[in-house]
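Q:
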Amino acid sequence: MKKTILSFAAAAAVMSFGTMAAQAATKACFIYVGPIGDFGWSYQHHQGLEEMKKALGDQVETAYLESVPEGADAERAIERFARSGCNIVFTTSFGYMDPTNKVAGKFPDVKFEHATGYKREHPNVATYNSRFYEGRYVQGVIAAKLSKAGVAGYIASFPIPEVVMGINAFVLGAQSVNPDFKVKVVWANTWFDPGKEADAAKALIDQGVDIITQHTDSTAPMQVATERGIKAFGQASDMIKFGEKTQLTSIVDDWGPYYIERVKAVIDGSWKQQDVWGGMKEGHVVMAPFTNMPDDVKALAEETTAKIKSGSFNPFTGPIAKQDGSEWLKAGEVAEDGVLLGMNFYVKGVDDKLPQ
Amino acid sequence: MRIELVKRPERSKLFAALSPFIALGLTLIAGAIMFSLLGKSPVEALYYYFIDPLREVWSLHELAVKAAPLILIAVGLSICYLSNNWNIGAEGQFIIGAITGSILPVMFPDFQSWIVLPLMLLMGVAGGAAYGAIPAYLKVRFNTNEILTSLMLVYVAQLFLDWMVRGPWRNPAGMNFPETRTFSPSAVLPEIWSASGRANWGFVFAIVAAVALWFMLSRTLRGFEVQVLGQSPRAGKFAGFSQSRMVFFAFLVSGGLAGLAGISEVSGAIGQLRPTISPGYGFAAIIVAFLGRLNPLGIIAAGLVLALSYLGGEAAQISIGVSDKVVRAFQGMLLFFVLACDTLILYRIRFVGASAAKTVEARQNV
């Protein structure tokens, strides 16, 4: 009984001091679309949170919500954060775009950072994203070097510009090595569903691809590739422990530096609205170690990475033809960001019809 | 030894009334044990779960937002289940209602008038009801199993919505992202009391629907017909009730209400169509219907309790840092205890010893 009373008292104390503590430290809050254990997208954002926590120590207090569905629930979750004393809220999925802006209008003193979106309707909303396509180009180069079949399989989530851009970059990278290289695409219509992703991987392998890459977040395709003895690329995080003999490399989303920078800006009062699209150069996109490949392929992959990182090469540099053979970019012409962000067409060499 | 469930000759009125509270008590105890094992203070956890969401007005609004579709769908389902029609496809009827209800704001965004909203709601009801009529027709005409057909139509509806927002209905100014244009103000379901939170008229619809169906079930001939045909189709036939008309009636009512829930959710809470508009309301409503014992008034309470468990789960995640999985396990416990308690009102457990079991078998063999 005594213990119960004590814990009652403790609970009451926690509740009343909760608000005071929030004033001392800056509170940074995160909303994830998947579970933090997905070892992909949400996991990487959570790693970023941990990195930020480590770097800023006592100055910052954090909270997060995982598996928040996009839709009416997102608005409630965001508003709950805004009301619970968060100074900055990171909403880390595209579907949170409108709810983020709606809540931001109601809480002008709270800063909001929305990942992968384009709407900044209030001065307290910033957006951020990474140029993952840079990494996909490098993957394409590796795939074309290693594939004997000349066909790679691509497990895609949803036909949004972000994903289409990745498929195109992969194909362009592959064609820089082998102009006849083909890519087969399966739309899983999910960001995270290990069962569906595994089925997609099996279907692709049965169709004769000998390398698979994915734009979904679970490690299931990597595990299927391992069972079937082919090579694969990881997604969002370094998935090497799920395919020691399988993973060639992985595009690692490193959100840590960005989160540190932005939370710091809130602490010292210099936070401003912005739209950041960082890539390899800014350290937002990092390639996991190149493994399970001969030295010459590794050297070429490293060279390509270095070129992109230094800014001397852009994967979307002409001449590039669209899937139907019509010209998209003239020789030497570089795609504008605006076109990439609204991309809804394939380049030549994709063996799929883009769902429209 | 074997365990058997034996039907009780009569159910205790006292325990029927007490059972939800016993279930809640058992959930609290089991939850407290789980939270202690995780090293969290159980008192604090339960506080955030059940009390914290009720402390603030905005949170009560959110409770109404979350409960409205659950109640609206579940009261419709109660008619189905009472009349022995197993509509598992409310999720699909919800989605189709949302789509048909969105025709005006998406295709004719310049048509702005006070009439838009009532038309949208009517079209939503019509769409949901029409979609519900498909399994009803198949059942009456071809004697198909409505559990399967209604469930499979859910996937059809989900994929149809997905295709619509990526293709024909994609927002022309939306950078190719899969969503429709946002609804104009005249197409948005107003908030009940917007100064304090965002609960919209969907909650009012839910309460009105529940009271109306309660009245119908308990006070009208049609309600009697539902119950008779559900419990004994043969008796219903003798009374001159038509089984096939009841199938259509049940599916049209539940489909229409699910459709109304769909368009209310899209118009009131989301403001546009997106690839996913429901975190499984159509399925969660099945639980709500049974938690509320298929009584429309009980369903109001059940919908609010389930909604509270979602909100409380969020509060607990943020405040004491338990994972989303713990939250769901706790929700599962609540449902388990409620259904288990209800089962024990209707049945008792009998332990059958090995020798007794043999005699039973021997008897069966004879």
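Protein chains in written order, with full-length UniProt numbering: chain A, 1 to 356; chain B, 1 to 366. Don't be surprised by glycine CBs; every beta carbon is placed ideally from N, CA and C.
(1) Starting from F249/B, trace the beta strand (DSSP E) both ways and give me its first and last residue.
(2) Are the stretch 287-299 of chain B and the stretch 316-332 of chain B touching by the rule of at least three beta carbon pairs closer than 8 Å?
(3) Determine the chain B residues that contact G71/A at a beta-carbon separation under 7 Å, and present them in chain order.
(4) Looking at the secondary structure, which residues open and close the beta strand (DSSP E) in which Q240/A lies?
(5) Check whether the Cβ of T27/B lies closer than 8 Å to any heavy atom of the ligand MG, and answer yes or no.
(6) Excluding the five sequence neighbours on either side, which residues of its own chain have a C-beta within less than 8 Å of the C-beta of H284/A, listed in chain order?
(7) Between L148/B, L221/B, L63/B, which has its C-alpha nearest R76/A's C-alpha?
(8) For the pair the stretch 257-272 of chain B and the stretch 89-105 of chain B, tell me if three or more CB-CB distances fall below 8 Å.
(9) Please return the same chain residues whose Cβ sits closer than 6 Å to the Cβ of V366/B, not counting the five positions on each side in sequence.
(10) For the alpha helix (DSSP H) containing T213/A, list its first residue and its last residue.
(11) Pull the bridge partners of K322/A from the DSSP assignment, please.
(12) Beta carbons nearer than 8 Å to chain B: which residues of the stretch 314-348 of chain A have them?
(13) Any chance you could list the alpha helix (DSSP H) runs of at least 4 consecutive residues sitting entirely within the stretch 100-130 of chain B, in chain order?
(14) Give me the Cα-Cα distance between residue 407/B and K111/A, rounded to the nearest whole angstrom.
(15) Can you list, in chain order, the residues of the stretch 172-194 of chain A whose Cβ is nearer than 9 Å to any Cβ on chain E?
(16) For the stretch 117-150 of chain A, which residues have a beta carbon sitting closer than 8 Å to at least one beta carbon of chain B?
(17) How about A302/B and Q93/B: are their beta carbons less than 9 Å apart?
(18) Around the C-beta of K3/A, are 16 or more other C-beta atoms found within 10 angstroms, so that it is buried, or is it exposed?
(19) To the nearest angstrom, how far is it from the Cα of D52/B to the Cα of R80/A?
(20) So which residues on chain B does P161/A lean against when the C-beta distance must stay under 8 Å?
(21) Does D254/A come out as helix, strand or coil in the three-state DSSP assignment?
(22) Decide if W193/B is buried, meaning its Cβ has at least 16 other Cβ atoms within 10 Å, or exposed.
(23) Less than 8 Å between the CB atoms is what I'm expecting for D217/A and G85/A, so what's the real figure, rounded?
(24) On the CB-based measure, 16 or more other CB atoms within 10 Å of its CB, does N87/A come out buried or exposed?
(25) Give the DSSP bridge partners of Y64/A, in chain order.
(26) Along the beta strand (DSSP E) that carries W187/A, what are the first and last residues, could you check?
(27) With C-beta atoms as the reference, is L82/B less than 9 Å away from Q227/B?
(28) Check whether the Cβ atoms of G202/B and A68/B lie closer than 9 Å to each other.
(29) Thinking C-alpha only, which one of F313/A, D324/A, S326/A, P355/A is nearest A169/A?
(30) Compute the Euclidean distance between the alpha carbons of M256/B and R274/B, then round it to the nearest angstrom.
(31) Measuring CB to CB, does S309/B end up less than 9 Å from I73/B?
(32) Whole angstroms is fine: what's the gap from K245/A's alpha carbon to A143/A's?
(33) Pick out whichever of A23/B, N84/B, L70/B, L46/B has its Cα sitting closest to the Cα of Q243/B.
(34) Which whole-angstrom value describes the C-beta separation of I211/A and L146/A, a residue pair presumed to lie in contact below a C-beta threshold of 8 Å?
(35) Checking contacts by CB at 9 Å: is R181/B closer than that to chain A?
(36) What does R11/B touch in chain A if you count any residue whose Cβ is under 7 Å from its own?
A: The relevant details are as follows:
(1) Residue numbering aside, residue 249/B sits at position 249 when the second sequence is read from its first letter. F249/B -> not in any beta strand (DSSP E); alpha helix (DSSP H) instead, spanning 243-264.
(2) no
(3) Counted from its first residue, the first sequence places residue 71/A at position 71. Here the neighbours are I270, R274, T276, I277, P279.
(4) Position 240 of the first sequence, counting from 1, holds the residue named residue 240/A. One point to set straight first is that residue 240/A is Ile, not Gln, in the sequence displayed. Unbroken run through I240/A: none, as it is neither H nor E.
(5) Of ligands this structure carries none, so the ligand MG is not represented either.
(6) In the first sequence, the residue the question calls residue 284/A occupies position 284. Contacts found: S130, R131, D253, D254, W255, P257, Y258, G278.
(7) Walking along the first sequence from the start, residue 76/A turns up at place 76. Closest option to R76/A, Cα to Cα, is L63/B.
(8) yes
(9) Walking along the second sequence from the start, residue 366/B turns up at place 366. Bear in mind that a pLDDT of 47 at V366/B, under 50, signals an unreliable position, so the model cannot answer this.
(10) Here residue 213/A refers to the residue found at position 213 when the first sequence is read from its first residue. It is not in any alpha helix (DSSP H) - T213/A instead sits in the beta strand (DSSP E) that spans 211-214.
(11) If you number the first sequence from 1, residue 322/A lands on position 322. Paired residue(s): V347/A.
(12) L341, G342, M343, N344
(13) 103-107
(14) Any property of residue 407/B remains undetermined from this structure, which presents chain B solely from 1 to 366.
(15) This model lacks chain E altogether, as its protein chains are A and B.
(16) Y118
(17) Numbered from 1 along the second sequence, position 302 holds the residue referred to as residue 302/B. Numbered from 1 along the second sequence, position 93 holds the residue referred to as residue 93/B. Not in contact: A302/B and Q93/B (Cβ atoms no closer than 9 Å).
(18) By one-based count along the first sequence, residue 3/A stands at place 3. In this predicted model, K3/A has a pLDDT of only 46, less than 50, meaning its place in the structure is not dependable enough to derive any value.
(19) Mapped onto the second sequence, residue 52/B falls at position 52. Mapped onto the first sequence, residue 80/A falls at position 80. Distance between the alpha carbons of D52/B and R80/A is about 12 Å.
(20) Taking the first sequence and counting its residues from 1, one reaches residue 161/A at position 161. Per Cβ cutoff of 8 Å: M175, N176, F177.
(21) Start at 1 with the first residue of the first sequence, and residue 254/A comes out as number 254. Coil.
(22) As a first step, residue 193/B must be located in the second sequence, where it is residue number 193. Looking at its Cβ environment, which holds fewer than 16 other Cβ atoms inside 10 Å, W193/B is exposed.
(23) Taking the first residue of the first sequence as position 1, residue 217/A is located at position 217. Taking the first residue of the first sequence as position 1, residue 85/A is located at position 85. Between G85/A and D217/A the Cβ distance is about 30 Å, and since that is not below 8 Å, they are no contact.
(24) For the purposes of this step, residue 87/A is identified with residue 87 of the first sequence, where counting begins at 1. Flag for N87/A reads buried.
(25) To locate residue 64/A, count along the first sequence from 1; it is residue 64. In DSSP, Y64/A forms a bridge with F30/A.
(26) Taking the first sequence and counting its residues from 1, the one referred to as residue 187/A is at position 187. Its beta strand (DSSP E) spans residues 182-187.
(27) Within the second sequence, numbered from 1, the residue matching residue 82/B stands at position 82. Within the second sequence, numbered from 1, the residue matching residue 227/B stands at position 227. Yes, the pair counts as a contact, with Cβ atoms nearer than the cut-off.
(28) The sequence position of residue 202/B within the second sequence is 202, counting from 1. The sequence position of residue 68/B within the second sequence is 68, counting from 1. A contact, by the Cβ cut-off of 9 Å.
(29) On the first sequence, residue 169/A is found 169 positions in, with the first residue counted as 1. That would be F313/A, whose Cα lies nearest to the Cα of A169/A.
(30) Residue mapping note: residue 256/B aligns to position 256 of the second sequence, counting from 1. Residue mapping note: residue 274/B aligns to position 274 of the second sequence, counting from 1. For the sequence presented, residue 256/B should be read as Gly rather than Met. Whole-angstrom Cα-Cα distance: 21 Å.
(31) Here residue 309/B is taken as the residue at index 309 of the second sequence, counted from 1. Here residue 73/B is taken as the residue at index 73 of the second sequence, counted from 1. Going by C-beta atoms, S309/B is not nearer than 9 Å to I73/B.
(32) Walking along the first sequence from the start, residue 245/A turns up at place 245. Walking along the first sequence from the start, residue 143/A turns up at place 143. Going by the C-alpha atoms only, they are around 15 Å apart.
(33) Along the second sequence, one-based indexing puts residue 243/B at 243. Selected option, being the one with the closest Cα: N84/B.
(34) For the purposes of this step, residue 211/A is taken as the residue at position 211 of the first sequence. For the purposes of this step, residue 146/A is taken as the residue at position 146 of the first sequence. Correct: roughly 6 Å between the Cβ atoms.
(35) As a position in the second sequence, residue 181/B is number 181, starting the count at 1. It does not; no Cβ of chain A falls within 9 Å.
(36) Locating residue 11/B in the second sequence gives position 11, counting from the first residue. Simply none; closest approach about 35 Å.
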